[in-house]
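Colleague: In UniProt numbering, the protein residues as written are 1 to 355. Beta carbons: idealized from backbone N, C-alpha and C, even for Gly.
1. Only counting the same chain, and skipping five residues up and downstream in sequence, which positions put a Cβ closer than 7 Å to that of residue 297?
2. Could you pull the start and end residues of the alpha helix (DSSP H) that residue 10 belongs to?
3. Which first and last residues belong to the beta strand (DSSP E) in which residue 113 is found?
4. Look at the alpha carbon of residue 60 and the alpha carbon of residue 34, and state the distance between them as a whole number of angstroms.
5. Using alpha carbons as the reference points, say which of 43, 63, 150 lies closest to residue 6.
6. Check residue 79 in the structure and name its three-state DSSP category.
7. Can you pull the DSSP bridge partners for residue 228?
8. Where does residue 242 sit, in a helix, a strand or coil, going by DSSP?
9. Just to confirm my understanding: we take residue 175, look at its own chain, exclude 5 residues before and 5 after, and list those with CB closer than 7 Å. What are they?
10. Out of 229, 105, 213, which one is the CA nearest neighbour of residue 220?
11. Which parts of the stretch 11-62 are runs of the beta strand (DSSP E), unbroken and 3 residues or longer, counting only runs that do not cross its ends?
12. If you follow the alpha helix (DSSP H) that residue 294 is in, where does it begin and where does it stop?
13. Report the residue from 336, 89, 11, 142 whose alpha carbon sits nearest the alpha carbon of residue 241.
14. Applying the 10 Å Cβ sphere with the 16-neighbour rule, what's the burial state of residue 100?
15. According to DSSP, is residue 335 part of a helix, a strand, or is it coil?
16. Taking 7 Å as the limit between beta carbons, can you name the residues of its chain near residue 248, skipping five residues before and five after?
17. Note down, in chain order, each residue of its chain lying with its Cβ closer than 6 Å to the Cβ of residue 71, except the 5 sequence neighbours on either side.
18. Any beta carbon from chain B within less than 8 Å of residue 72's own beta carbon?
19. CA-CA distance, residue 106 and residue 316?
20. Counting pairs of Cβ atoms below 8 Å between the stretch 253-272 and the stretch 194-209, do you hit three or more?
21. Any contact of the stretch 333-341 with the stretch 39-55, i.e. 3+ C-beta pairs under 8 Å?
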């Protein structure tokens with residue numbers, strides 16, 4: 001692969017990142033999602049190396065970046081501030097194109113809210129809802145209750161967490177990282193070649209497991225399903241208790257957005273198999289109280305709701321759906337993904353005026 005593995009000390013932490021291309025080219029940051037790392041962008045980096053200065057960091061808590069706990073009460077801002085400090089450490093003055101995948105999509109939206117003048121464009125690839133993951137039941141992101149039940153560290157599959165902590169790379173258990181990747185990150189029967197799959201699984205188990213990391217600490221409550229978000233760690237940081245990106249619609253800096261997603265995503269969906277309310281409705285989690293109290297989170301509809309408002313207020317976005325594809329178009333349908341993203345960037349770079 002045509003990239004370098006690097007580390008840099010920023011004002012906030014020591015970050016590991018992959019780098020390719022000339023620093024004289026427009027900067028492009030590739031931001032990974034939950035339980036993954038920069039390694040998942042291996043071929044994407046290669047595809048854009050000739051025309052961009054490509055940076056793919058490991059976010060705090062993931063991969064090979066320094067282990068510094070995540071303050072979940074800040075929502076996504078630990079990560080967005082880390083990216084700001086990375087930009088400054090790399091002495092990048094130009095506006096940056098961002099590709100954010102899954103949780104990374106929400107992180108780059110947060111960055112655009114916090115630092116809009118740094119952003120040339122956003123590509124949101126199967127992005128997490130702007131209202132976090134779990135605990136809300138309508139397009140406006142209204143929580144089920146004031147305790148934000150159904151979200152946070154306690155909703156993670158305990159077998160998956162255990163196998164991550166053991167750094168399991170086997171495929172003998174249903175909830176092993178390898179099987180979860182092949183079942184949920186990709187639309188079966190798609191699989192990458194064995195060497196690449198092994199590298200991806202290694203990247204998954206490189207995640208730090210614990211209260212301050214993945215999945216985060218847990219608070220119990222009397223309401224179904226008995227858990228509410230804590231104050232530390234990854235899955236708490238993506239709870240709607242701390243995440244609300246609806247103000248992205250008010251960003252006034254004319255940031256073009258490409259929302260690109262696979263049509264068979266089982267993770268970010270209006271019927272997500274990782275949403276405890278949807279699992280409860282399907283009978284997999286006992287005691288589900290019904291749609292009135294815990295309806296499945298309409299994740300895609302929530303994103304469209306915010307982006308439609310952004311468009312209504314003068315912003316531009318395009319929704320592009322890739323057929324027969326799951327949660328990871330940049331891997332599953334790489335040629336189609338790269339072509340669409342490249343065209344989008346070219347239009348932005350040429351000051352194309354979106355209508």
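Modeller: To lay it out plainly:
1. So the list reads 129, 134, 136, 137, 272, 275, 277, once near-sequence residues are dropped.
2. Careful: residue 10 lies outside any alpha helix (DSSP H) and carries neither H nor E.
3. Segment 103-114 is the alpha helix (DSSP H) holding residue 113; no beta strand (DSSP E) there.
4. The straight-line gap from Cα to Cα measures roughly 11 Å.
5. Ranking the options by Cα distance to residue 6, first place goes to 63.
6. Residue 79 falls in the helix class under three-state DSSP.
7. Its beta-bridge partners are 219.
8. Coil.
9. Same-chain partners within the cutoff: 157, 159, 160, 163.
10. When each option's Cα is compared against that of residue 220, the closest is 229.
11. For the stretch 11-62, whole beta strand (DSSP E) runs of length 3 or above, ordered along the chain, are 14-20, 27-31, 53-57.
12. Per DSSP, residue 294 belongs to the alpha helix (DSSP H) from 291-294.
13. Among 336, 89, 11, 142, the Cα nearest to that of residue 241 is on 142.
14. Residue 100 counts as buried, since at least 16 other C-beta atoms from the protein chains shown sit within 10 angstroms of its C-beta.
15. DSSP places residue 335 in helix when its eight states are reduced to three.
16. Cβ within range, chain order: 109, 112, 113, 130, 306, 310.
17. Around residue 71: 78.
18. As a matter of chain content, chain B is missing from the structure shown, which is built from one protein chain.
19. Between residue 106 and residue 316, the C-alpha separation is close to 17 Å.
20. The stretch 253-272 vs the stretch 194-209: no contact.
21. Judged by pairs of C-beta atoms under 8 Å, the stretch 333-341 touches the stretch 39-55, as three or more such pairs exist.
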